[in-house]
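Structure record follows, encoded as C-alpha cells.
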Amino acid sequence: MYMGDTKAGTFIAQDRYGNKYYENLAEELPLRTRWVDYKDKEFNPDQIEPGWHLWMSYAVDKPPSEDALLKTGVRAWEIKEHRPNMTISRAAYKPYSTVKPKSPTPWTPQVASR
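All the letters of the sequence shown, read from the start, carry residue numbers 1 to 114 under the UniProt record's numbering.
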C-alpha cells in the first residue's frame, strides 16, 4: 500500500502488535500470495512475530491464528514484549575482548655499544 502496490485479498488475522495479514490464492503470482499490512508507517520486518514470519515465508500452511503450536504467549519462556532489531544503533550487541591489553608504554629499542 505504501509502495504503490495495490492488492486485494482475504483478511486472515491480526497479530497482537496490530499488523494485518492477508492472502489471495486466486489472482496473485506464486510466492506473492501472502502479505502484511504493517500498523506503523515506518515498517520493519522485525515487527512480525516468529509464527507469522513462518507463515509469510511459506514454511507452514496454516497461520498462527489456526495452529496451536505457532501461537505466541502460550509458553512461559517466550518474550512478552517486542524487542526491535538494534543493529546499526548504539544499543547493538558489541562483543568484548578476552585478550590481555597491550602495555601502555611503547617499545623503545636499546642500543648496545660496540
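Each residue gets a CB set at the ideal place from its N, CA and C atoms; glycine is no exception.
* Simplified DSSP assignment, three categories, for D37 -> Taking the first residue of the sequence shown as position 1, residue 37 is located at position 37. It is a strand residue.
Kindly indicate the opening and closing residues of the alpha helix (DSSP H) around L54. By one-based count along the sequence shown, residue 54 stands at place 54. P50 to M56 is the extent of the alpha helix (DSSP H) around L54.
Does the Cβ-Cβ distance between Y17 and W35 come in under 8 Å? By one-based count along the sequence shown, residue 17 stands at place 17. By one-based count along the sequence shown, residue 35 stands at place 35. Contact: no.
Q14 in three-state terms, based on DSSP: Counting from 1 along the sequence shown, the entry for residue 14 is found at position 14. The answer is strand: DSSP assigns Q14 an E or B state.
Check your understanding: For residue 129, which option in N24, G51 and T87 has the closest C-alpha, if you only look at C-alpha atoms?
Key -> Lying outside 1 to 114, the shown extent of the chain, residue 129 is not represented and no answer is given.
Starting from K20, follow its DSSP beta bridges and name the residues at the other end.
-> Along the sequence shown, read from residue 1 onward, the residue named residue 20 stands at position 20. In DSSP, K20 forms a bridge with Q14 and D37.
DSSP-derived helix/strand/coil call for P45: Here the question's residue 45 lines up with position 45 in the sequence shown. Looking at P45 - three-state DSSP - the assignment turns out to be helix.
Let's test the definition: count the other Cβ atoms within 10 Å of the Cβ of Q47 and tell me whether it reaches 16, buried, or not, exposed.
Within the sequence shown, the letter at position 47 stands for residue 47. It is buried - the Cβ of Q47 has at least 16 other Cβ atoms within 10 Å.
- [ ] Thinking A13 and P63 are a contact (beta carbons under 8 Å), I'd like their distance in whole angstroms, please.
- [x] If you number the sequence shown from 1, residue 13 lands on position 13. If you number the sequence shown from 1, residue 63 lands on position 63. Right, their Cβ atoms sit about 6 Å apart.
6 Å CB neighbourhood of N85 in its chain, flanking five on each side removed = Locating residue 85 in the sequence shown gives position 85, counting from the first residue. Within the same chain, N85 has close Cβ partners D46.
*Taking the C-alpha atoms as reference points, what is the distance between I79 and T105?*
If you number the sequence shown from 1, residue 79 lands on position 79. If you number the sequence shown from 1, residue 105 lands on position 105. If I take the Cα positions, the gap works out to 47 Å.
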